[in-house]
Structures are given as structure tokens and as C-alpha cells.
Amino acid sequence: MTKLSVNINKIATLRNSRGGNVPNLLKVAQDIERFGAQGITIHPRPDERHIRYQDARDLKNIVKTEYNIEGNPVKSFMDLVLQIKPTQVTLVPDADDAITSNAGWDTITHHSFLKEVIKEFQQNGIRTSIFIDTDVRLMEAAAKTGTDRIELYTEHFASEFEKGNKNAVKPYTEAAILAHKLGLGINAGHDLSLQNIQFFKENIPNLAEVSIGHALISESLYLGLENVVNMYLNKLQ
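Here the sequence shown is numbered in the working numbering, starting from 2 and rising by one per residue.
Laid out in C-alpha cells, this is it:
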């Protein structure tokens, strides 16, 4: 079964835009789990413009399913993750000023760095995942870092699917097959939505988890959060 992890960054963005604590991020996380999601994802950035580091700490005592923290493993991020010890850490090579993640790791150039970071997280009982494109060479290099999983960066698929190009899923299918052969677990995320998630799931073998935030929260404005979470769960099954 493919698990649904809901990224709640957008809830924090809404809260921060007004100040105060509305919407209550911790209550929303609890509700999302109650609605059936199997995980909560956050992506704190150094400027804390949406998820704050204290949010990450507070969620540790709230999340009862899988807790996934994404981010660039700079020292402040690593210290935070090692303090919290979530279920999973997803390593993303985003710049401090990135609006959203826009590239996977070059696992060849940064191989030694990733290997060292991954070892430290795993020694602390934290499952690791590398945000990555579908390039075969990068996938093979990722496996050599010792990571537990990879997360396929799906922006290109989503963009092409919207244009009607269903063949855009093929590199992801091939990457998933290779990743499985290399002993890697397979996650996916970025621009996945109610429109494309079922097709993607049907074409990606051994898909363990998807992380969805922007689309899911946006769709919930029209359809309601509980309804949308269950719509995703039905499509993933």
C-alpha cells in the first residue's frame, strides 16, 4: 500500500500571514491523521517563513503516524532533526531563498557529503530519503550513499501530464524499477494532485509513500480537508 503523507507547510503559511495561532497547526496535523493520512510532512527553512523550528519540535509530541522532516542538511537543520528524531528525514538541496524545491540532488558530486550525513541520521534511528531526479547514474550513486529511500522529484511529470503527455511517466517507472533493484525504498512528491495521483500510482511499482501539500491544501478550499484526504487515500489504493 502507498502511504499518504500530508505536507502542512501551507497551513503554517496561512497562520503566519496573520499572526497568532489561526489556523492551529498542531490541531490540523491531528485532524489530518484522524481523517486517515498515514504521515505528516514538514519542510522548515532557515528563514522560518512557514514552518518554524519550534513547530517541528511541537509536532514531535503530536504526530502519531509517520513524521517526515524535509530540508537541506545545513547544520541548523541537522541539529533540529537529531534533536527530534522523526520517522524519516528527506534530504532536499534547496537554496535558502527557494520558493519551493526545484531540483534533486547531484548524488555524484555530493556523494561523500550525503554519505556522511546519512550515516549520522541512521545512527540515530532515523530513516533517510534523498530527493532525486530520474537519471540512472544519480540513482546508482544514491544507492552507494547508504540511503534507505529515494524521493522522486515529480514536477516534470505533473507539468507534462497536465498537457496531456502521459508518456512523461515512463522515466519515473524506469527509475522506480531500478531503485527497487538497488534495494531502495521509493517515495515521490512535488505537484502531485487529485488529477494525476492515481495515474502516477498505477505506473510506479513499489511506491511506498507520496508527500503532498500545496495541491492537497488548495483542493481542500473547495472540497474540504477531510474529504480531500480520503479522496487521495482512495486513489492510492
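Idealized CB from N, CA, C, for every residue including glycine.
Let's see if you can read the secondary structure: which residues bound the beta strand (DSSP E) around residue i?
{"i": "residue 91", "result": "89 to 92"}
{"i": "residue 208", "result": "208 to 213"}
{"i": "residue 53", "result": "First-last for residue 53: undefined, no H or E at that position."}
{"i": "residue 228", "result": "Element bounds for residue 228: not the beta strand (DSSP E) but the alpha helix (DSSP H), 226 to 237."}
{"i": "residue 70", "result": "67 to 72"}
Name, in chain order, the residues that DSSP records as bridge partners for residue i.
{"i": "residue 135", "result": "Its beta-bridge partners do not exist; DSSP assigns none."}
{"i": "residue 7", "result": "41 and 213"}
{"i": "residue 163", "result": "Note: residue 163 sits in no beta bridge, so no partner."}
{"i": "residue 150", "result": "130 and 186"}
Check each candidate in the options and name the one with the smallest Cα separation from residue i.
{"i": "residue 36", "options": "237, 238, 231 and 134", "result": "231"}
{"i": "residue 122", "options": "76, 12, 133 and 217", "result": "76"}
{"i": "residue 87", "options": "106, 64, 105 and 94", "result": "64"}
{"i": "residue 5", "options": "217, 85, 141 and 126", "result": "217"}
{"i": "residue 12", "options": "52, 3 and 47", "result": "52"}
{"i": "residue 141", "options": "112, 157, 155 and 120", "result": "112"}
{"i": "residue 125", "options": "85, 70, 186 and 201", "result": "85"}
At which residues does the alpha helix (DSSP H) containing residue i begin and terminate?
{"i": "residue 189", "result": "Taken as a continuous stretch (DSSP letters only), residue 189 belongs to no alpha helix (DSSP H), being part of the beta strand (DSSP E) at 186 to 190."}
{"i": "residue 30", "result": "26 to 35"}
According to the Cβ coordinates, are residue i and residue j closer than 8 Å?
{"i": "residue 108", "j": "residue 139", "result": "yes"}
{"i": "residue 179", "j": "residue 137", "result": "yes"}
{"i": "residue 9", "j": "residue 23", "result": "no"}
{"i": "residue 39", "j": "residue 66", "result": "yes"}
Validate contact between the stretch 115 to 126 and the stretch 138 to 151 using beta carbons, cut 8 Å, 3 pairs: Between the stretch 115 to 126 and the stretch 138 to 151, the count of Cβ pairs shorter than 8 Å is three or higher; the stretches touch.
Three CB pairs or more closer than 8 Å across the stretch 20 to 34 and the stretch 75 to 93: Taking 8 Å as the limit for Cβ pairs, the verdict is that the stretch 75 to 93 does not touch the stretch 20 to 34.
Inter-stretch contact (C-beta, 8 Å, three-pair minimum) for the stretch 217 to 235 and the stretch 157 to 172: Because the criterion of three Cβ pairs below 8 Å is not met, the stretch 217 to 235 and the stretch 157 to 172 do not touch.
Contact between the stretch 189 to 199 and the stretch 211 to 218 (3+ Cβ pairs under 8 Å): The stretch 189 to 199 vs the stretch 211 to 218: in contact.
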